[in-house]
Structure formats: structure tokens, C-alpha cells
Amino acid sequence: MKHFYRLFYITFFFFYSVFLQGEDGYRLWLRYDPIKDASIAREYSKAISYLVIEGQSPTLQAIKEELFTGLEGLLGKKLFISSEVRKSGTLLIGTPHQSKLIASVIPPNELNHTGDEGYIIRRVIISRKRCIIISANSDIGLLYGAFHLLRLIQTQQSIANVNIISAPEIRYRLLNHWDNLNRTVERGYAGFSLWNWHLLPDYVSPRYKDYARANASIGINGTVLTNVNANALVLTDQYLIKAAALADVFRTYGIKVYLTARFSAPVEIGGLSTADPLNPQVIEWWNSKIKEIYKYIPDFGGFLVKANSEGQPGPQNYGRNHAEGANMLARALAPYGGIVMWRAFVYDNNVPEDRAKQAYKEFKPLDGKFEKNVFVQVKNGPVDFQPREPFHPLFGAMPATPLMMEFQITQEYLGQGTHLVYLAPLFKECLDADTYAKGKGSEVAKVINGSLDNHDLTGIAGVSNIGDDRNWCGHPFAQANWYAFGRLAWNLSMSSEDIAEEWIRMTFSNNQQFVEPVKKMMLQSRETAVNYMTPLGLHHIMAMHHHYGPGPWVNQGRADWTSVYYHRADSAGIGFNRSTRGSDAVSQYFPEVKQLFDSPETCPKSLLLLFHHLPWDYLMKSGRTLWDELCLKYHSGVDSVRNMQKTWNSLKNMVDEERFLHVKSLLAIQEKEAVWWRDACILYFQQFSRRPVPPGVEKPVKTLEYYMNLRHYYAPGI
Ligand code: GCW
């Protein structure tokens, strides 16, 4: 009988996935196809045959559903639900409040360590029966535990003696969608917005549930639905009812809904003549608006605000500062437990001498001036989500204010929808950087997890790369960046390598001959992109507006939107002098870091031209001139993409055809675009260096004029 079931399930899932569903990437990493190796499957089968779930709630129902689909799929056998532990091989799930049995096997003090969202997964013996238990203080904790157990099986880890205690390092783990109400997505490369505002709330797409499952599986517990370049309309009842319908779906999966607040909303939709945060009518307007929001969404999370930046309205329009603006909203949200995430990515209409310095200059003096429920949300670097930047100098510099990290998962400056760039190494580089705020060992991660300055309010946000493309993220490998963000948000110290390995095993295959080369390719991919786009600390030299492709020649318009502002190439050399002899941006860092960045001799080579303007003949540690090194870096970027192509082609027989061909085509685009970047940049900079392209670098086939005349009218994302 057992064999019959296994055969039945294997056949069913095979047909289901291959013929009905196809390998289109829709399932993300939550793929529950039968484990091919029968002996491995047998091991898991022995451990889990019966399911006992104690208690009742929508979340417990979701757990049951996920485990049934997951375990029956993976193990290729039927799972039995039971009301009590009768046999060995029982998976017992519950909180100690709901289950006396759980309370009897988990010492109460152990769950003290897991908080509201953590969990314990453990092999135990109950009345001489071998069981696995998942326990937590809340149903959401149980859900996270269930996903963890599934992940162990998907990645074929042993559960024979499983004993895991896990709790999130960060409290607020949020996606930021830059989705507009007309369904375009700012810097989105995976189609249109998932949120079908037009049909909501009457049609609730099943995708919303799958979105919530995917997020819950990696521990994401909040989502900002709308673009930071905000539209006040989302705060009208017409839209709140739609947002509430989404919140109703997400709640079961532990995900709270947040919105972006347009600072001028009291004027635009409230009919007031001012949005001055100190004006009593304005305060009253926000108070009643927030009360209304909580009527629609009782567990509403709060607001994300971009104010006085890139033309967005803000308190400075009324002579007030950022703290005054943020606090007004925070006071109104506080009674309901809501928070404000106030962005530090600010720049006004006056072009500063160095934009990299602006956020620090405006926010540092406000440290300690914010209400308790305010985060200042800081991008990882001081410029703008570049392929490589130093960590933002605000990290460590505002000890009295909880700082929320903002990473960009969508690849605005990193190849957009067509380049395979695994971002975990970029995230980690920032998190692991030492700010020296309190001496050695004051890493950015410790600022974010609150340990450096004793903050309970801790948060991390990722600008989402999700759209309505069938595979969610456009590039099949872009899914890994969503995954990596979530896994890191839960545990900042996970390594890029471990995250990649998990993702590959869950998304593609457990075959080591596939896992190893793909992992290697992913781990090198960010450095590869840096090399063919912006090596040695170059930054912000992308094409105007859409940022698609190179544009080092961009010199029109607002100065700090041009490329020449950032690279400053001239006959004397190249690079932005931010040393103490230049814009002095280095002085925003703590002395140890300042000293490191201040001298070209000690400045990391990878950031050299971000901090220094150096002669073309500057002698690098390699013994080569700066010019030669630059050219060789550009070329090595192209070379690495070609190696990625070779790697991928060699794996043809280990991947389904659909995803194999998809990735292969995208890698071909990436190669073409890497050549475009390399040649356009080398030709452009060569005008100033007036030096030959060194041996070992392919000679550009096209002319600089050709590249400068390329126009992309409908590049996505704007
Ligand atoms: O990187 C820039 C983007 C803008 C974005 C802005 C921001 C939402 O080019 O599209 O606007 O950053 O982060 O506010």
C-alpha cells in the first residue's frame, strides 16, 4: 500500500509540475517535488507520517496546508492527521498555551529565548514514541518553524536528531514596494505591480497568498505596498479598502501592511491649505486619518516617508525639520502601535558640493530628537545603491536613534532585469563593515540589530524586485536576491555562501555537481558586475534617468544627476576627491575609517576613485598604472560573464529545459551588455587618459560616437 501511494504521488506531482505547471519559476524556492533518492525519502518518511496540530486559527490552518502539500510532495506519500500522538513518526505542532503535551516536553524557560516569532524544532520521545515537535510562543512562530522543517527536507539535511532554536535578529523585516497606483513599478524589471488596485477588493488574486507564503517562508513580516514617491490617493477610503483586502490575506502569514505617506496629503486630499506639521489642523487631520486607517486595517504597521527629497514634499517646505515632520506622524500612530520609517535619502533643490555628504549633514544633528516609534531608514551607502559603495556614514553616528537599513533588492544599478547578479555579498559587505563607532568591532550589523546602542526597535528593508511576471522577479536568479534578503533579515550573520546553497538546492537541485558550480558563479557575480560597470570605486556613471547601460558622458541637467559630477575624469586623472584635501566626506566617518579612506595608499582599491582623484599614471599596488588597471578590470568583468556562460552551458543536463534556456538567453544579453559597458567606458575615458588600451584587453570594435548615440526610449523601470 505504502509503495502504491508513493508511486501515485510521484506520478501525480511529476505530471502536475511538468505538464500543468511547467518549470516557469512560479513556485520560487517552495518546490515540493518528490525526493528522487528513495533511500533519503525513506529516512524522512520514517520520521514523519502523522501530523498532530493542536489549536485552531487561520495560521494553524495555513501550516496544515503547507505541510500537507510540502511533505506529501517531497516524501511522495500520504500524511495522516491525528488528534494525539499514537505512533512513532508523529510531527507535533503547537504552542505550550494550546497544547499540554508540548508544554510537558518543552521546558518553559527555553521558549523565553524565542520571543514572539521564534521557534523550536526538536526530536523528542513522547510515551516511547519518536516524534518531532515544532513549538513557539505564537502561531506565526509555528509557521516559521514549519517552513524551516520543510527547508531542511528540501535541502536534504538530516532531521534524525534535529534540535533547532531560532529567533529573528531583527524585529521589522520589510519589503518596500515602489509600486504606483497605476501599476507601474519604479525601478521594477519584472512586469507590472502585483497589486491589482483596479480589481481589489472584489477580486483577491490567489497570487497574494503565494506572495505571503514566499515571504513567510523566509521570515519577512511586513510590506510597504506603495512607492516612496507617494500618491496621496492611497490614503483615501477608496484605496484603504483595497489595502485592507491585501492585509486580510497577509495577516495569516504574519505580514503587516504599511503605506507610504505623502507629506502634502492634508492639502491634496484633505482640503487644507497647509501641511505644516506643527499646525493644529494638520495634526488633527493626520490623527483622524490614522484612526480611519486602523478601522480598515486593525494591525496596520505604519508609514514609510520620503520627504524633501527629489521633489517630494516634506516639513522643510514649512520651515520645519525632519524630526518635526516624523514626530507628528509618530505621535498619531503611537496609540495603535504603528511606526514611522523616515528616510534619510534626502537631497533638495540646491545642488550640494558633494551629495554623498548630505544625508549625514541633515540627520546627524537630529539624533535623539525623534519619537520612540520612529526609525530613520538609511540606504546602505551614501550615494545611491551603487554596485559598490562604502557603508553609509550615518551608521554608528546616530546612537540615540534606531536606524533601519535600506537595501535595494531590485537591480536598478546592477543590470536591472537581465543580469545575473547575486546580491548577498553586497548586503554582507555593508553589514560586516566596521564603523568603529565604539571602537573596533562596531560593525554595521550591530547598529542594525540594536546591540551597539541598546535599541529594541530594529529594522531592515529591501526595495522589492517583485512584479507580476510569472516567475515574480523576471530573471530566474533574481529570486535568489529576494530569498537572500529575507534570510539575512532573520539572521544577519548567515553567509552569502550558505544562503546561495540553500536557495540553489530548493530552487533547482540537490545534485552537488550542480550546486557547487552554480554557487561559485553566484558568489562571483556581484564582483563581476562591478568590474564591467564601475571598477575601482567608480560610481553613478549609468545612462540618464532609466540608468540602463553606461553613460559616463552624461553632463546635462542637475549636476549631481550627471556622470561627470561623479567620475570627474580630466586630462590629469579620474575620481572624486572626497579626502580631507577634497570634499572631506571622509570626515563623516569615525577616525579609524576616515584615516583608512583618506589616503590613496590605504584606501581599499575597490573604493579608490570614490575617495580620490588620481593621475592616469598613478602606480597601483599591482605595479600597473591606474589606466591599465582600469582597462583590465573592465575586461575581466567581460571575461567572467563568459565564464558564467560556460558554467551554465555545462549544466544543461541538470536543469529543466525551460529555465535552462531562459537563463542561457539572459546570460547572452549580459555578455553583450558587459561588452557595451566595457567598450563605452574605456573609449570615453581614453579621451582623457590619451593612453593605449593595454595588452590583454580586447580592442573596442565600435566607436565612442556609436555608444553615445544609443537611445533607449522605453527602458523599463521609470
Ligand atoms: O535611486 C533613486 C532612484 C529613484 C528612487 C530614489 C529613492 C523612489 O533612481 O527612482 O525613487 O532613489 O530612493 O527615493
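In our numbering, each residue's number is its place in the sequence shown (first place is 1) plus 12. Beta carbons: idealized from backbone N, C-alpha and C, even for Gly.
Helix, strand or coil at residue i according to DSSP, with G and I counted as helix
i: I586; result: strand
i: L631; result: strand
i: K617; result: helix
i: E685; result: helix
i: Y131; result: strand
i: T413; result: coil
i: R142; result: strand
i: Y265; result: coil
i: I798; result: Lying before the first or after the last residue shown, residue 798 is absent from the chain, which here runs from 13 to 730.
i: T540; result: helix
i: Q68; result: coil
i: R185; result: strand
i: I176; result: strand
i: M656; result: helix
i: F159; result: helix
i: I281; result: coil
i: I75; result: helix
i: L32; result: Low confidence applies to L32: its pLDDT is 46, below 50, so where it sits in the model is not reliable, and the reading given next is rough at best. Three-state result, L32: helix.
i: I171; result: coil
i: V576; result: helix
i: F204; result: coil
i: L626; result: strand
i: Q609; result: With the sequence shown as reference, residue 609 is identified as Phe, and Gln is not the correct amino acid for it. Three-state result, F609: helix.
i: V713; result: coil
i: I93; result: strand
Residue i versus the options, residue with shortest Cα-Cα distance
i: M777; options: S701, P706, L695, R702; result: Summary: the structure shown does not reach residue 777, with the chain confined to residues 13 through 730, and so no result is reported for it.
i: S595; options: D288, K373, T272; result: K373
i: A571; options: D191, N361, E84, I118; result: N361
i: V236; options: T637, F700, A473, R590; result: A473
i: A581; options: T592, A273, V566; result: V566
i: A172; options: I145, D191, I152; result: I145
i: V456; options: N339, G393, Q428; result: G393
i: A449; options: S111, G408, T430; result: G408
i: L722; options: P616, M556, P399; result: M556
i: N483; options: G101, L79, L161, L206; result: L206
i: L200; options: S701, N466, E669, Q423; result: The question names Leu, but residue 200 is Gly in the sequence shown. Of the candidates S701, N466, E669, Q423, the one whose C-alpha sits nearest the C-alpha of G200 is Q423.
i: D651; options: W573, T81, M545; result: M545
i: F403; options: K384, L378, D668, S454; result: S454
i: E685; options: P707, A256, V542, R140; result: V542
i: S701; options: R690, A584, R636, L663; result: A584
i: D151; options: D128, E509, R142, L162; result: D128
Cβ shell of residue i (< 8 Å), same chain only, five flanking positions each side left out
i: K76; result: L63, I65, I93
i: G676; result: A small fix is needed here, since residue 676 is Lys in this sequence, not Gly. Within the same chain, K676 has close Cβ partners Q657, W660, N661.
i: L154; result: T71, L72, I75, I105, G106, T107, Y131, I146, S147, A148
i: K711; result: V705
Close beta carbons around residue i, own chain, < 7 Å, minus the five adjacent residues each side
i: Y220; result: L258, V261
i: L284; result: P278, Q293, V294, W297
i: C485; result: A202, N477, I478, Q491, W494
i: L42; result: R225, A226, S229
Proximal residues to residue i (C-beta, below 6 Å), its chain only, five neighbours per side dropped
i: M534; result: Y434, A512
i: G462; result: T470
i: K318; result: V240, Q324, R355
i: L32; result: For L32, the predicted model reports a pLDDT of 46, less than 50, meaning its position is unreliable; a value from the coordinates is still stated below. Answer for L32: no residue qualifies.
i: N522; result: Q168
i: D480; result: G203, F204, L206
i: P728; result: Y201
i: V117; result: V136
i: G587; result: L621, H624, H625, L626
DSSP beta-bridge partners of residue i
i: L103; result: L63, I144
i: Q389; result: R355, M416
i: F315; result: L271, V352
i: T286; result: DSSP, once it has assigned bridges, lists no residue as partnering T286.
i: P562; result: M554
i: E455; result: D446
i: V475; result: N188, Q420
i: Y234; result: As written in the sequence, residue 234 is Gly, which differs from the Tyr given in the question. L186, K268, per the DSSP bridge assignment.
i: H637; result: With the sequence shown as reference, residue 637 is identified as Thr, and His is not the correct amino acid for it. DSSP lists L631 as partners of T637.
Below-8 Å beta-carbon distance, residue i vs any chain D residue
i: P213; result: The structure shown has no chain D; it contains just one protein chain.
- Within the chosen definition, does the region 296-307 reach the region 172-188 through at least 3 CB pairs nearer than 8 Å? No, they do not touch.
The region 47-58 in contact with the region 85-103 per 3-pair CB rule at 8 Å:
Touching, yes.
Say whether the region 415-431 touches the region 515-534, bearing in mind that this needs 3 or more beta-carbon pairs closer than 8 Å, one atom from each stretch. Cβ pair count under 8 Å is below three, so no.
| message | Below 8 Å, how does it come out for the region 534-550 and the region 620-629: are there three or more Cβ pairs, yes or no? | response | Verdict: yes, contact present.
message = Tell me whether the region 495-510 and the region 678-688 touch, counting them as touching only if at least three CB pairs, one residue from each stretch, are closer than 8 Å.
response = As far as the Cβ criterion goes, the region 495-510 does not touch the region 678-688, which means the pair count is below three.
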